[in-house]
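Visitor: With the UniProt record's numbering applied, the sequence shown covers 1 to 152.
Heads up, the beta-carbon is just placed ideally off N, CA and C, and yes, glycines get one too.
Small disclaimer: the values here were computed from a predicted structure and weren't measured.
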Amino acid sequence: MSKSKTPVGCPCGGPALATCCGPFLDGWRDPARQPPTAEALMRSRYTAYTLRNEPYLLATWHPSTRPTEQIVDPDESLQWLGLEVKSALRLRQRKVEPANPDEDFVEFVARFRVAGKGQRLHEVSRFLREPDPALGGAARWFYVDGAFPEKP
1 MSKSKTPVGC PCGGPALATC CGPFLDGWRD PARQPPTAEA LMRSRYTAYT LRNEPYLLAT
61 WHPSTRPTEQ IVDPDESLQW LGLEVKSALR LRQRKVEPAN PDEDFVEFVA RFRVAGKGQR
121 LHEVSRFLRE PDPALGGAAR WFYVDGAFPE KP
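And the structure:
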């Protein structure tokens with residue numbers, strides 16, 4: 001039997017990497033190829049983690065909170081298993097308009113396995129849209145920080 005030539009879905013859950021997060025990861029230095037929303041940036045950052053694309057993660061991390069140490073360990077036995085975006089869907093359903101259009105929050109659950117043990121990361125991430133000097137002052141979304149909701 002031959003292997004299927006069907007495109008593989010995007011790690012973030014989108015239809016295909018080439019049409020979902022791929023253009024953002026490949027064009028992070030191009031002002032015209034930036035994620036248009038905080039949710040799109042969050043999805044592309046998840047995809048970057050699955051691909052161990054540290055340059056993209058650093059470029060999309062807000063300068064005020066960007067780590068100075070290595071964030072992707074190439075030797076770590078880590079396997080990303082899936083992403084569920086929670087709050088973005090609920091907010092769209094309620095048609096809530098943000099008070100500040102240049103600040104947004106995205107709640108998600110990312111599942112992963114480390115050394116064979118399944119885990120989950122439940123986070124409410126905060127994003128800001130600001131001019132980026134590296135893009136000639138063009139505005140882009142940045143990941144700032146996150147909070148971890150309490151378990152009930």
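So Phe112 packs on Leu135, CB below 8 Å; how close in whole Å?
Guide: By one-based count along the sequence shown, residue 112 stands at place 112. By one-based count along the sequence shown, residue 135 stands at place 135. The Cβ separation is near 31 Å, so there is no contact.
Visitor: On the DSSP letters alone, give me the boundaries of the alpha helix (DSSP H) that Glu76 sits inside.
Guide: Residue mapping note: residue 76 aligns to position 76 of the sequence shown, counting from 1. Segment: none, Glu76 is in no alpha helix (DSSP H) and carries neither H nor E.
Visitor: So Ala147 and Val124 are supposed to be a Cβ contact under 8 Å. How far apart are they, rounded?
Guide: Locating residue 147 in the sequence shown gives position 147, where the first residue counts as 1. Locating residue 124 in the sequence shown gives position 124, where the first residue counts as 1. So it is a contact: roughly 5 Å between Cβ atoms.
Visitor: Would you mind sorting Arg129 into buried or exposed? The rule is 16 or more other CB atoms within 10 Å of its CB.
Guide: Start at 1 with the first residue of the sequence shown, and residue 129 comes out as number 129. Buried, because 16 or more other Cβ atoms sit within 10 Å of the Cβ of Arg129.
Visitor: With 16 as the cutoff for other CB atoms within 10 Å, does Thr19 come out buried or exposed?
Guide: Looking up residue 19 in the sequence shown gives position 19. Per the 10 Å Cβ criterion, exposed.
Visitor: Under a Cβ-count criterion, where at least 16 other Cβ atoms within 10 Å of its own Cβ denotes burial, should Arg43 be classed as buried or exposed?
Guide: Working through the sequence shown from its first residue, we reach residue 43 at position 43. Buried, because 16 or more other Cβ atoms sit within 10 Å of the Cβ of Arg43.
Visitor: CB-CB under 8 Å to Ser120, same chain, minus the five flanking residues each way: which ones, in chain order?
Guide: Position 120 of the sequence shown, counted from the first residue, corresponds to residue 120. Note that residue 120 is Arg in the sequence shown, not Ser. Excluding sequence neighbours, Arg120 sits near Val109, Ala110, Arg111, Phe112.
Visitor: Can you list, in chain order, the residues of its chain whose CB lies under 7 Å from that of His62, leaving out five sequence neighbours each side?
Guide: For the purposes of this step, residue 62 is identified with residue 62 of the sequence shown, where counting begins at 1. Contacts found: Leu128, Phe142, Tyr143, Val144.
Visitor: Could you check which residue in Cys21, Pro149, Leu25, Glu54 has the C-alpha nearest to that of Phe105?
Guide: By 1-based counting over the sequence shown, the position of residue 105 is 105. Among Cys21, Pro149, Leu25, Glu54, the Cα nearest to that of Phe105 is on Pro149.
Visitor: Can you grab the Cα-Cα spacing for the pair Asp102 / Gly137, in whole Å?
Guide: Numbered from its first residue, the sequence shown carries residue 102 at position 102. Numbered from its first residue, the sequence shown carries residue 137 at position 137. Taking the straight line from one Cα to the other gives about 15 Å.
Visitor: To the nearest angstrom, how far is it from the Cα of Ala40 to the Cα of Pro31?
Guide: Numbered from 1 along the sequence shown, position 40 holds the residue referred to as residue 40. Numbered from 1 along the sequence shown, position 31 holds the residue referred to as residue 31. For Ala40 and Pro31, the distance between alpha carbons rounds to 15 Å.
Visitor: Give the range of the alpha helix (DSSP H) segment to which Pro63 is assigned.
Guide: Mapped onto the sequence shown, residue 63 falls at position 63. No alpha helix (DSSP H) holds Pro63; DSSP gives it neither H nor E.
Visitor: Report buried or exposed for Gln34, applying the criterion of at least 16 other Cβ atoms within 10 angstroms of its Cβ.
Guide: Locating residue 34 in the sequence shown gives position 34, counting from the first residue. Label assigned to Gln34: buried.
Visitor: Under the DSSP definition of a beta bridge, which residues are partnered with Asp104?
Guide: By one-based count along the sequence shown, residue 104 stands at place 104. Paired residues: Phe127.
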